[in-house]
């Protein structure tokens, strides 16, 4: 009766041999190239994919907003219908790069150089020094790591900068915003006044051989030559003032190639074209667009006007809405060029593209985004402020999932775990754990562990990776489909399909400037009390008082009205 045993053993051995090729193939599968595209202040309705032409002004909106490259990537990938970030920039970016929920890493847009010397671990703006950045994780896995664009996750010490977080090279700026033509920060960028930081030019290059500002020679490598005419227009120690389209005066405008976003685009193309295809690439392209100041080359405004005319639409009745539409067009064109470069280099079939925004669009002037049909915008916890445009795409997406819409909840913190998993490294942060031993001895708060939920299997399988409570912010929690919004919420309005427009501008003229500066005026680093009446502030900022909380079913009531 024991005779059949060898046959069974042989059958088992045969099965193992048959499985061996697929197992070896899986073990030897190349790690995907990772291209993260992070937009800034991108409105829900300012993405063409969200415009189907319905509604009283749907055709006009379709004529104004033209994003064919982003739309095509979304159709070829998986749209993330429930992607949540923080309500403002820096916490979202800190969350993305650290894998922590914003409430566990940084939930304030503090000055990037803020530092408490009594707490060298976490007493700084942005990401605490001893948290391991996403780039460091991927570098550990053998990736080449490059960053282009806006950082805004702290710069108090070299360890807080992009290079300190694991990027081999960085070309971009550190602060919340920048002038697109002058590469400096000022009142028009953020609506904040800081008489010290507002004087700095913030456009830098970090690599193995150079750390410093973008010199004229480096700018020329990116295609920009600020020629003699520009230099002669400058006064002593001051850059000349320019219009939103880069004009210094009636007879002279800067070349389009000197638009900061054009230089960032050229740098990203350099990275892709110079990459060794045998090594996995991580490129973090974090666009300046569509953050204020609203500035763009004149040709893009003309292209918006031309398309509207061709589509039978009406001329845009808001200068800022027109500027924003042109900036969205520039962003879309940049994404298209980066994708074409990846394809030309032979990288595309093994590339994962992750696209999202750091928060919803700002609906104050001059932010001028549109989150229709969602309520609210940047600075609020309404869906318009925290539910962002997002998708994954690229050749790495399984063919059977292309064109799908994923309704599972995804946090901006989850990308840390996802890319770590695909790269074959553990998302656990050992450096933070070691720092906690010192913090405990000092009686200081401990660093939070990584909150990231690796979402790849959920995106591929169409399941919800976050069925439990997601802490969106200090004033909002989501246990899908239920969302609780508490406290005072600013910019609590519905914009309508065309926004801003003549009517909204007249309303602003009556109430006052609807920019988020009322609590953000600084003099030598000190916050000034303007003494404005609370009712005036509430009126200007469209504040809704939610008290202990208002509960919404955002699946059945996505506009948070009931």
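In mature numbering (1 follows the signal peptide of the UniProt record, and there is no 0), the protein residues as written are -25 to -1, 1 to 537. From the three backbone atoms N, C-alpha and C, an ideal C-beta is built for every residue, glycine too.
* In three-state DSSP terms, what is residue 393? -> helix
* Asked: Nearest CA to the CA of residue 89: which residue from 149, 60, 52 and 61?
  -> The candidate whose alpha carbon is nearest that of residue 89 is 149.
* Which stretch, first to last residue, makes up the beta strand (DSSP E) that contains residue 56? -> 53 to 59
* To do: Using the Cα positions of residue 7 and residue 319, report the straight-line distance between them to the nearest angstrom.
  => 17 Å
* Is it true that the CB of residue 296 sits closer than 8 Å to the CB of residue 276? -> no
* Which of the three DSSP states, helix, strand or coil, is assigned to residue 258? -> Judged by DSSP in its simplified three-state form, residue 258 adopts strand.
* **Cβ-based burial, residue 432 [other Cβ within 10 Å; buried from 16]** => exposed
* Asked: Nearest to residue 153 by CA position, among 403, 324, 453 and 265, is which residue?
  -> The shortest C-alpha separation from residue 153 is found at 265.
* Ignore the nearest five residues each way along the sequence and tell me which others in residue 40's own chain have a CB closer than 8 Å to its CB. => Only 20, 21, 22, 23, 26, 300 and 303 meet the Cβ criterion.
* CB of residue 354 within 8 Å of CB of residue 255, strictly -> no
* the region 459 to 476 / the region 415 to 430 touching (three or more Cβ pairs under 8 Å) -> no
* For residue 24, name the three-state secondary structure that DSSP assigns. => helix
* To do: Would you give the residue range spanned by the beta strand (DSSP E) that residue 454 belongs to?
  => 451 to 454
* Which residues mark the beginning and the end of the alpha helix (DSSP H) in which residue 33 is found? -> 33 to 39
* Using the rule of at least 16 other Cβ atoms within 10 Å of the residue's Cβ for burial, across every protein chain shown, is residue 541 buried or exposed? -> An answer regarding residue 541 cannot be provided, because it is not within the stretch -25 to 537 covered by the chain.
* Asked: residue 332 and residue 14: beta carbons closer than 8 Å?
  -> yes
* **For residue 339, three-class secondary structure by DSSP** => coil
* Asked: residue 29: buried (16+ other C-beta within 10 angstroms of its C-beta) or exposed?
  -> Under this definition residue 29 is an exposed residue.
* Just tell me which of 474, 70 and 315 has its CA closest to the CA of residue 345. => 474
* Asked: Hey, residue 327 and residue 260 are a contact pair by Cβ (cut 8 Å); roughly how many whole angstroms apart?
  -> Taking C-beta atoms under 8 Å as the contact rule, residue 327 and residue 260 fail to qualify, at a distance of about 14 Å.
* Length of the line joining the Cα atoms of residue 33 and residue 180 -> One C-alpha to the other measures close to 43 Å.
* Return yes when at least one heavy atom of the ligand SAM lies under 7 Å from the C-beta of residue 237, else no. => No copy of the ligand SAM appears in this structure; indeed no ligand is present at all.
* Asked: How should residue 286 be labelled, buried or exposed, when 16 other C-beta atoms within 10 angstroms of its C-beta is the threshold for buried?
  -> Exposed, because fewer than 16 other Cβ atoms sit within 10 Å of the Cβ of residue 286.
* Asked: What are the partner residues of residue 463, as DSSP defines its beta bridges?
  -> BP columns for residue 463 point to 520.
* C-alpha distance - residue 142 paired with residue 121, whole-angstrom precision -> 5 Å
* Give the straight-line distance between the Cα atoms of residue 99 and residue 53, rounded to the nearest whole angstrom. => 37 Å
* Under the DSSP definition of a beta bridge, which residues are partnered with residue 178? -> None, per the DSSP bridge assignment.
* Asked: Which residues bound the beta strand (DSSP E) around residue 121?
  -> Its beta strand (DSSP E) spans residues 119 to 125.
* Asked: Thinking C-beta only, is residue 68 closer than 8 Å to residue 388?
  -> no
* Asked: Any chance the region 379 to 386 sits against the region 436 to 445, with 3 or more Cβ pairs inside 8 Å?
  -> yes
* To do: Return the CA-CA distance between residue 240 and residue 362, expressed in angstroms with no decimal places.
  => When rounded, the distance between both Cα atoms is 26 Å.
* Out of 537, 134 and 335, state which residue places its alpha-carbon closest to the alpha-carbon of residue 358. => Ranking 537, 134 and 335 by CA distance to the CA of residue 358 puts 335 first.
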